[in-house]
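So that you can map any letter, position 115 of the sequence shown is 115 in the UniProt record's numbering, and since no number is skipped, the others follow by simple counting.
Idealized CB from N, CA, C, for every residue including glycine.
Treat the numbers as computed from the prediction; the structure is a model and nothing was measured.
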Amino acid sequence: MDEMEEELKCPVCGSFYREPIILPCSHNLCSACARNILVQTPDAESPQSRASGSAVSDYDYLDLDKMSLYSEADSGYGSYGGFVSAPTTPCQKSPNGVRVFPPAAPQHLLPVPPGALTPVPRNACITCPQCHRSLTLDERGLRGFPRNRVLEAVVDRYQQSKAAALRCQLCEKTPTEATVMCEQCDVFYCDPCRLRCHPPRGPLAKHRLVPPAQGRISRRTSPRKISTCTEHELENLSMYCVQCKTPVCYQCLEEGKHGTHEVKALGAMWKLHKVVRDQISHCTVKLRQTTGLMEYCLEVIKENDPSGFLQISDALIRRVHMTEGQWGKGTLTPRMSSDFDLTLDSGPLLQTIHQLDFVQMKVPAAPMLQLEECCTQNNSATLSWKQPPLSTVAEVYVGPETICTVDGLHFNSTYKSRVKAFNSSGVGQYSKTLVMHTSEAGLAPCDIQSIGPVAWFTFDPASAHPDIMFSNDNLTVTCSSYDDRVVMGNTAFSRGVHYWEMTVDRYDNHPDPAFGVARGDVLKDVMLGKDDKAWAMYVDNNRSWFMHNNSHTNRTDGGIAKGSTIGVLLDFTRGILIFLINDEQQGPVAFDSLEGAYYPAISLNRNVQVTLHTGLPIPDFYTPGEPDPTGSVC
Numbered sequence: 001m002d003e004m005e006e007e008l009k010c011p012v013c014g015s016f017y018r019e020p021i022i023l024p025c026s027h028n029l030c031s032a033c034a035r036n037i038l039v040q041t042p043d044a045e046s047p048q049s050r051a052s053g054s055a056v057s058d059y060d061y062l063d064l065d066k067m068s069l070y071s072e073a074d075s076g077y078g079s080y081g082g083f084v085s086a087p088t089t090p091c092q093k094s095p096n097g098v099r100v101f102p103p104a105a106p107q108h109l110l111p112v113p114p115g116a117l118t119p120v121p122r123n124a125c126i127t128c129p130q131c132h133r134s135l136t137l138d139e140r141g142l143r144g145f146p147r148n149r150v151l152e153a154v155v156d157r158y159q160q161s162k163a164a165a166l167r168c169q170l171c172e173k174t175p176t177e178a179t180v181m182c183e184q185c186d187v188f189y190c191d192p193c194r195l196r197c198h199p200p201r202g203p204l205a206k207h208r209l210v211p212p213a214q215g216r217i218s219r220r221t222s223p224r225k226i227s228t229c230t231e232h233e234l235e236n237l238s239m240y241c242v243q244c245k246t247p248v249c250y251q252c253l254e255e256g257k258h259g260t261h262e263v264k265a266l267g268a269m270w271k272l273h274k275v276v277r278d279q280i281s282h283c284t285v286k287l288r289q290t291t292g293l294m295e296y297c298l299e300v301i302k303e304n305d306p307s308g309f310l311q312i313s314d315a316l317i318r319r320v321h322m323t324e325g326q327w328g329k330g331t332l333t334p335r336m337s338s339d340f341d342l343t344l345d346s347g348p349l350l351q352t353i354h355q356l357d358f359v360q361m362k363v364p365a366a367p368m369l370q371l372e373e374c375c376t377q378n379n380s381a382t383l384s385w386k387q388p389p390l391s392t393v394a395e396v397y398v399g400p401e402t403i404c405t406v407d408g409l410h411f412n413s414t415y416k417s418r419v420k421a422f423n424s425s426g427v428g429q430y431s432k433t434l435v436m437h438t439s440e441a442g443l444a445p446c447d448i449q450s451i452g453p454v455a456w457f458t459f460d461p462a463s464a465h466p467d468i469m470f471s472n473d474n475l476t477v478t479c480s481s482y483d484d485r486v487v488m489g490n491t492a493f494s495r496g497v498h499y500w501e502m503t504v505d506r507y508d509n510h511p512d513p514a515f516g517v518a519r520g521d522v523l524k525d526v527m528l529g530k531d532d533k534a535w536a537m538y539v540d541n542n543r544s545w546f547m548h549n550n551s552h553t554n555r556t557d558g559g560i561a562k563g564s565t566i567g568v569l570l571d572f573t574r575g576i577l578i579f580l581i582n583d584e585q586q587g588p589v590a591f592d593s594l595e596g597a598y599y600p601a602i603s604l605n606r607n608v609q610v611t612l613h614t615g616l617p618i619p620d621f622y623t624p625g626e627p628d629p630t631g632s633v634c
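Below, the structure written as structure tokens:
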């Protein structure tokens with residue numbers, strides 16, 4: 001540990017490193033010392049001209065770097081050569097013997113208190129006090145140099161190991177030996193300073209005071225500091241840029257110059273570098289052994305005794321060949337990390353487990369209908385049931401199949417419903433029969449002469465586009481966007497004859513609202529009729545068109561204005577759709593061969609507001625079709 005102390009001291013101030021930074025030449029400096037030796041290059045002086053005028057050229061730098069290859073730290077053989085500067089180079093000695101080149105700092109580059117913002121002038125540069133390289137700073141200044149947190153941690157551990165007695169941190173003159181440490185304040189106190197600065201009263205009475213030795217241990221076991229990015233101080237380092245050889249954060253990848261570079265996970269690169277470091281240590285030991293063998297061989301060659309030389313020459317030759325083979329086979333072969341990343345995909349296994357179905361050895365009992373959850377609304381019926389409470393049979397997987405909704409039934413009709421359960425052992429009994437009656441809001445064709453009401457409904461906010469705005473109990477709609485948006489009714493029709501109207505409450509700037517019917521999965525962000533899920537008529541102030549699957553047909557004169565009424569007649573007995581404007585049929589039959597379930601629908605923008613009217617009688621001019629042979633409207 002004592003031999004390492006010089007490596008932990010700054011070449012400028014001679015003290016242990018404080019907040020060290022790494023220069024591009026791989027040497028370290030304290031942050032405060034780097035600010036002190038920062039110089040400003042004149043604007044007219046380029047970095048090239050400054051480099052050409054320096055006392056040591058780039059080739060000198062390369063020679064200096066090569067000299068370190070033969071140092072004692074590398075091989076254990078040879079001597080360390082000092083660096084000799086040019087005679088004209090001004091220099092002075094720092095406390096640890098390394099030459100420092102402190103320039104005359106301008107007034108605005110004087111040392112500033114720690115934590116204060118340091119103004120970095122334009123074209124500023126810094127000269128490394130160890131290798132004398134001039135380094136030009138970019139617009140980030142000293143913040144562009146990464147923080148050497150590893151060196152900082154080593155310095156902390158070294159200082160802790162060398163501190164025989166912990167000293168008080170608040171003594172004004174010579175610090176005396178500390179007697180306690182406050183875990184909350186993280187400060188060591190002697191008895192006088194504790195009584196003066198940390199009295200046991202008020203909020204400080206709750207602080208925990210421990211012996212100094214215990215406080216030192218708690219400091220050592222404190223959680224590891226998370227390294228943050230030098231450019232984005234609030235972001236943690238998570239990736240490693242292979243091209244720049246520096247850790248980066250995710251914000252550097254999105255905004256900075258590393259966006260197109262190859263990056264790898266920081267943990268994986270750490271493991272890889274650890275393997276390389278271990279191999280370097282092994283090679284260093286092997287190099288020392290080989291250097292010792294070479295030195296021994298050189299001394300043997302100097303011997304003048306032929307018989308003695310021949311006696312050991314064969315053994316030396318074998319050792320040299322064996323050492324050479326070891327270098328080629330194992331020492332210089334790149335090692336592979338013993339760790340590997342394993343990703344286990346359990347998705348297929350979980351899916352298989354969910355699909356398991358155990359064989360039931362008994363036929364299930366009849367389900368029990370939950371009458372409080374069974375209901376009808378318009379022409380839809382909802383059934384709900386459950387397993388008997390005392391049943392010995394239960395399915396392993398229970399899903400949404402215990403409730404069922406049937407749409408598209410007849411209006412004003414009675415339906416009988418029952419359910420039964422089954423498993424691999426067989427089919428159980430039927431449940432009790434449930435009788436349900438659909439709403440009295442529709443008429444069969446045979447009763448159409450009585451001029452009764454057809455189905456009533458409202459616009460459906462749940463299925464509408466988010467830009468649609470509702471009022472008047474969901475009977476009046478408009479839009480907050482200039483684009484066309486679709487809204488549908490809350491009831492689907494598949495049988496019978498149905499008629500509804502819409503009144504134009506507001507009509508500005510001559511837009512093209514569309515009226516008609518649609519499937520449940522129609523597009524909501526385009527005009528009605530643009531896709532193959534809608535059948536519509538769109539109309540302006542002068543004319544109208546029929547549209548389905550973006551096909552425009554049957555242009556007809558006559559438009560709409562404020563106060564106009566648009567009627568829609570849907571007849572499933574004939575499978576046709578007819579439109580009316582102000583109680584007059586608009587054009588021929590718009591569409592035919594309609595089968596399935598359809599929702600009333602319109603599309604409009606913010607220039608239009610309409611109100612829906614339902615429960616209306618069939619227009620007088622229309623004669624419905626004949627019923628099917630079963631007597632029901634289908």
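Taking buried to mean at least 16 other C-beta atoms within 10 Å of its own C-beta, is residue i buried or exposed?
i	result
L23	buried
L538	The sequence as given places Tyr at residue 538; Leu does not occur at that position. That one is buried.
T352	exposed
K432	exposed
K93	Its pLDDT being 41, under 50, K93 is placed unreliably in this model, and the coordinates cannot settle the point.
R277	exposed
Y598	buried
C479	buried
T614	buried
Q586	buried
W385	buried
T290	buried
C375	exposed
H465	buried
R208	exposed
M294	exposed
I618	buried
D571	buried
Rounded to the nearest angstrom, how far is the Cβ of residue i from that of residue j, given a contact under 8 Å?
i	j	result
L29	I21	6 Å
C185	C171	C185 to C171, Cβ: 16 Å. No contact.
L612	M502	6 Å
D540	D508	With 8 Å as the limit, D540 and D508 do not qualify as a contact, their Cβ atoms being about 12 Å apart.
Y482	L569	Contact doesn't hold; Cβ gap of about 31 Å is too wide.
A518	K533	6 Å
T491	N607	Going by Cβ atoms, the distance from T491 to N607 rounds to 28 Å, so no, they are not a contact pair.
V210	V187	Between V187 and V210 the Cβ distance is about 12 Å, and since that is not below 8 Å, they are no contact.
E235	C229	5 Å
S31	L142	7 Å
Output the boundary residues of the alpha helix (DSSP H) element that contains residue i.
i	result
P192	D191 to C197
I301	L266 to I301
T352	G347 to H354
Could you spell out the range, first to last residue, of the beta strand (DSSP E) harbouring residue i?
i	result
D405	Contrary to the premise, residue 405 reads as Thr rather than Asp in this sequence. I403 to V406 is the span of the beta strand (DSSP E), which, as asked, contains T405.
L434	L434 to H437
E254	Looking at the DSSP string, E254 is not in any beta strand (DSSP E); the run it does join, the alpha helix (DSSP H), is Y250 to E255.
S417	T414 to S417
A381	S380 to K386
C25	C25 -> no beta strand (DSSP E), and no H or E assigned at all.
H498	V497 to Y507
H613	V608 to H613
D571	T565 to D571
T491	Per DSSP, T491 belongs to no beta strand (DSSP E) and is neither H nor E.
P203	Neither: P203 is in no beta strand (DSSP E) and is coded neither H nor E.
P600	Y599 to L604
C241	M239 to C241
I581	I576 to I581
M469	I468 to S471
V427	G426 to Y430
Run the proximity test for residue i: is its beta-carbon closer than 7 Å to any non-hydrogen atom belonging to the ligand GDP?
i	result
N28	As far as ligands go, the structure on display features none, and thus does not contain the ligand GDP.
Is the number of C-beta pairs between the stretch 594-614 and the stretch 471-488 that are closer than 8 Å three or more?
-> yes
Check whether the stretch 250-262 touches the stretch 280-287, taking contact to mean three or more Cβ pairs, one atom from each stretch, closer than 8 Å.
-> no
In chain order, which continuous runs of the beta strand (DSSP E) of length 3 or greater are located wholly inside the stretch 521-554?
-> 534-539 and 543-548
Please confirm if the stretch 491-501 is in contact with the stretch 524-536, defined as three or more CB-CB distances below 8 Å between the two stretches.
-> Between the stretch 491-501 and the stretch 524-536, the count of C-beta pairs closer than 8 Å stays below three; the two stretches do not touch.
Check whether the stretch 417-427 touches the stretch 361-377, taking contact to mean three or more Cβ pairs, one atom from each stretch, closer than 8 Å.
-> Between the stretch 417-427 and the stretch 361-377 there are three or more inter-stretch CB-CB distances shorter than 8 Å, so the stretches are counted as touching.
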